[in-house]
Amino acid sequence: KPFACHECDQTFSRPHNLKSHQATHSSERPFQCEVCLHHFRRQHDLKRHQKLHTGERPYVCKTCSRSFARLDALNRHQR
1 KPFACHECDQ TFSRPHNLKS HQATHSSERP FQCEVCLHHF RRQHDLKRHQ
51 KLHTGERPYV CKTCSRSFAR LDALNRHQR
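With the UniProt record's numbering applied, the sequence shown covers 1 to 79.
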């Protein structure tokens with residue numbers, strides 16, 4: 001993997017993945033939720049957070065029909 005982080009030992013195959021990763025080393029949090037004013041390092045994290053305010057729950061358990069805002073929560077539920 002040709003794109004290496006200078007802060008740690010992680011490497012990435014794509015430059016945009018490295019750029020996203022590098023935000024984890026910064027204390028800067030430029031992305032703000034307009035509802036609760038919480039700040040995030042990455043736009044992806046803000047978008048994931050915003051589902052809490054919209055009530056969007058697109059991930060549904062096929063066994064019990066319970067719905068979740070995040071895929072990782074559904075996966076945890078199904079274990």
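Yeah, the Cβ is synthetic: ideal placement off N, Cα and C, and Gly gets one too.
Please read all numbers here as calculations on a predicted model, not as lab measurements.
Here DSSP, grouped into helix, strand and coil, assigns residue 38 to coil. The stretch 29-39 and the stretch 5-20 do not touch, with fewer than three beta-carbon pairs separated by less than 8 Å.
Residue 22 and residue 5 have their C-alpha atoms spaced approximately 7 Å apart. Residue 58 has its alpha-carbon roughly 14 Å from the corresponding atom of residue 77.
Pairing residue 62 with residue 75, the inter-Cα distance amounts to about 11 Å. For residue 11, the three-state secondary structure derived from DSSP is strand.
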